[in-house]
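A.B. asks:
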Amino acid sequence: MKLGFKALGLVLTMSLVGCQTVNTTSGDSVGVQRKQYMFSLLSTEQINQSSALQYQEMIQAAASKGMVERNTANARRLEVIGQRLIKQAPYYRADAASWPWEVNLIKSPELNASCMPGGKIIFFSGIIEKLQLTDDEIAAIMGHEIAHALREHSREAMSKAYALEVGKLGLVTLLGLGEQGMQLTNAAVEYGLTLPNSRSAETEADLLGIELAARAGYNPQAAVTLWQKMAQASSGAPPEFLSTHPASASRINTLQAVVPKVLPIYQQAKNRY
């Protein structure tokens with residue numbers, strides 16, 4: 001057992017070579033102050049540029065099939081909501097003011113939305129139409145997705161993946177575990193590190209996102225009603241332990257607890273709109 005701990009320590013040290021500790025955002029009122037490990041060779045600019053290319057390919061492919069909604073009522077709603085939230089993003093990180101933000105609506109039944117690194121936002125019409133979302137609920141989703149981009153969760157996940165792969169290979173080699181040992185190590189990493197870390201990122205996005213939406217003048221209570229709708233729409237989802245997203249009940253409890261913290265921000269902001 002002592003050999004295992006020594007080997008693990010050595011592997012983890014090797015894994016973190018080339019990583020730097022950063023806090024990608026600041027100034028929030030909800031306690032998102034966790035330090036993040038980023039692989040130094042994966043720069044913010046590189047990730048943003050790569051994501052921009054991928055985003056354009058997705059939009060062009062959808063446009064070629066007539067799936068991009070340009071001037072519909074929902075597309076106009078998204079544009080207005082997006083501009084209000086984007087205006088508040090530099091409050092949490094100054095460089096977001098210079099990101100080439102985009103908001104697009106894709107006609108698709110999917111219950112999904114995303115904000116890629118660098119501010120590239122996509123909504124699928126299904127999530128708006130099937131859940132009959134209000135503007136406040138759309139803002140809750142968009143705030144959550146923008147928070148992922150502000151916190152650079154994609155870059156962080158890539159950095160962790162690199163470190164974990166180095167760590168797994170080094171640990172198996174040092175301990176002579178063989179193929180079966182690699183399978184056990186993969187399972188331990190997946191359920192002990194990867195999934196909880198992803199759930200942690202989701203919780204951060206929930207917290208920062210609800211404040212961002214409130215700062216843009218959208219009612220933070222809508223984040224709770226949104227996830228109540230999502231819970232009804234996703235019956236049969238995997239248990240929280242095996243999911244990269246927090247269970248709906250956990251998520252709703254977290255959001256309900258933070259609403260009182262951001263209500264004053266919302267009440268001050270709504271007077272501007």
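Each residue of the sequence shown is one higher than the one before, counting from 1 in the UniProt record's numbering. Heads up, the beta-carbon is just placed ideally off N, CA and C, and yes, glycines get one too. These numbers come from a predicted model, not from an experiment.
Going by beta carbon distance, what residues of the same chain come within less than 6 angstroms of V22, once the five residues before and after it are set aside?
C.D. replies: Start at 1 with the first residue of the sequence shown, and residue 22 comes out as number 22. So the list reads Q36, M38, once near-sequence residues are dropped.
A.B. asks: Determine which residues share a DSSP beta bridge with M116 and list them.
C.D. replies: Position 116 of the sequence shown, counted from the first residue, corresponds to residue 116. Answer is K120, bridged to M116.
A.B. asks: Is the beta carbon of L212 sitting closer than 8 angstroms to the one on A147?
C.D. replies: For the purposes of this step, residue 212 is taken as the residue at position 212 of the sequence shown. For the purposes of this step, residue 147 is taken as the residue at position 147 of the sequence shown. Going by C-beta atoms, L212 is nearer than 8 angstroms to A147.
A.B. asks: Taking A73 as the reference, give the member of Y55, D28, L105 with the closest Cα.
C.D. replies: If you number the sequence shown from 1, residue 73 lands on position 73. Minimum Cα distance to A73 is reached at L105.
A.B. asks: Rounded to the nearest angstrom, what separates A149 and M142 at their Cα positions?
C.D. replies: Reading the sequence shown from its first residue, position 149 is the one you call residue 149. Reading the sequence shown from its first residue, position 142 is the one you call residue 142. Roughly 11 angstroms between the two C-alpha positions.
A.B. asks: Please give the ranges of any alpha helix (DSSP H) in the stretch 37–107, keeping only runs that are unbroken, at least 4 residues long and fully inside the region.
C.D. replies: Within the stretch 37–107, the complete alpha helix (DSSP H) runs of at least 4 residues are 44–64, 73–88.
A.B. asks: Using alpha carbons as the reference points, say which of G31, Q33, E145 lies closest to F123.
C.D. replies: Translated into the one-based positions of the sequence shown, residue 123 becomes position 123. Taking only the C-alpha atoms, the option nearest F123 is E145.
A.B. asks: Mark N48 as exposed unless 16 or more other C-beta atoms lie within 10 angstroms of its C-beta, in which case mark it buried.
C.D. replies: Here residue 48 corresponds to residue number 48 of the sequence shown, with the count starting at 1. N48 comes out buried.
A.B. asks: Under DSSP, the alpha helix (DSSP H) around Q228 begins and ends at which residues?
C.D. replies: Here residue 228 is taken as the residue at index 228 of the sequence shown, counted from 1. Its alpha helix (DSSP H) spans residues 221–233.
A.B. asks: Would you kindly report the start and end of the unbroken beta strand (DSSP E) that includes V22?
C.D. replies: As a working note, residue 22 is residue 22 in the sequence shown. Taken as a continuous stretch (DSSP letters only), the beta strand (DSSP E) holding V22 covers 19–22.
A.B. asks: What are the boundary residues of the alpha helix (DSSP H) that includes R251?
C.D. replies: Stepping through the sequence shown from its first residue, residue 251 is reached at position 251. DSSP places R251 in the uninterrupted alpha helix (DSSP H) bounded by 248–269.
A.B. asks: For D28, report the span of its alpha helix (DSSP H) as first-last.
C.D. replies: Position 28 of the sequence shown, counted from the first residue, corresponds to residue 28. Per DSSP, D28 belongs to no alpha helix (DSSP H) and is neither H nor E.
A.B. asks: For S159, I'd like the list of residues in its chain whose CB is within less than 7 angstroms of its CB, leaving aside the five on either flank, ordered along the chain.
C.D. replies: Translated into positions along the sequence shown, residue 159 becomes position 159. Cβ neighbours of S159 beyond the five flanking positions: C19, Y37, M38, F39, L42.
A.B. asks: Below 8 angstroms on the Cβ atoms is my guess for I59 versus V68; work out the distance and round it to an integer in Å.
C.D. replies: As a first step, residue 59 must be located in the sequence shown, where it is residue number 59. As a first step, residue 68 must be located in the sequence shown, where it is residue number 68. Contact holds; Cβ gap of about 6 angstroms.
A.B. asks: Leaving out five residues on either side along the sequence, give the residues of the same chain with a beta carbon under 8 angstroms from the beta carbon of K130.
C.D. replies: Counted from its first residue, the sequence shown places residue 130 at position 130. The residues are P109, L111, A233.
A.B. asks: Who are the near neighbours of I210 in its chain, counting only those whose CB is closer than 7 angstroms to its CB and skipping five residues on each side?
C.D. replies: As a working mapping, residue 210 is identified with position 210 in the sequence shown. Hits under 7 angstroms: A140, G143, P220, A223, L255, V258, V262.
A.B. asks: Short of 7 angstroms in beta carbon distance, which residues of its chain neighbour Q268, apart from the five on each side in sequence? Order them along the chain.
C.D. replies: Here residue 268 refers to the residue found at position 268 of the sequence shown. Excluding positions up to five away in sequence, the list is empty.
A.B. asks: Taking buried to mean at least 16 other C-beta atoms within 10 Å of its own C-beta, is S235 buried or exposed?
C.D. replies: Stepping through the sequence shown from its first residue, residue 235 is reached at position 235. S235 sits exposed, since fewer than 16 C-beta atoms from the chains shown fall within 10 Å of its C-beta.
A.B. asks: Which word fits P117, buried or exposed, when buried means at least 16 other C-beta atoms lie within 10 angstroms of its C-beta?
C.D. replies: For this step, residue 117 is matched to residue 117 along the sequence shown. Flag for P117 reads buried.
A.B. asks: Expressed to the nearest angstrom, what Euclidean distance is found between the alpha-carbon atoms of Y266 and A97?
C.D. replies: The sequence position of residue 266 within the sequence shown is 266, counting from 1. The sequence position of residue 97 within the sequence shown is 97, counting from 1. Spanning the two alpha carbons is a distance of roughly 21 angstroms.
A.B. asks: Only counting the same chain, and skipping five residues up and downstream in sequence, which positions put a Cβ closer than 8 angstroms to that of R84?
C.D. replies: As a position in the sequence shown, residue 84 is number 84, starting the count at 1. A139, A216, G217, Y218, Y273, listed in sequence order.
A.B. asks: In the DSSP assignment, the alpha helix (DSSP H) including E129 goes from what residue to what residue?
C.D. replies: On the sequence shown, residue 129 is found 129 positions in, with the first residue counted as 1. E129 -> alpha helix (DSSP H) spans 125–130.
A.B. asks: Determine the contact status of Y92 and S200, defining contact as a CB-CB distance below 8 angstroms.
C.D. replies: Against the sequence shown, residue 92 aligns to sequence position 92. Against the sequence shown, residue 200 aligns to sequence position 200. Cβ distance not < 8 angstroms, so Y92 and S200 don't count as in contact.
A.B. asks: Where do the N-terminal and C-terminal ends of the alpha helix (DSSP H) with E152 fall, by residue?
C.D. replies: Along the sequence shown, read from residue 1 onward, the residue named residue 152 stands at position 152. That residue, E152, is in no alpha helix (DSSP H); it is neither H nor E in DSSP.
A.B. asks: Going by C-alpha to C-alpha distance, which of A75, I128, G126 sits closest to E102?
C.D. replies: Sequence index remark: in the sequence shown, residue 102 carries index 102 (1-based). In terms of Cα proximity to E102, the closest of A75, I128, G126 is A75.
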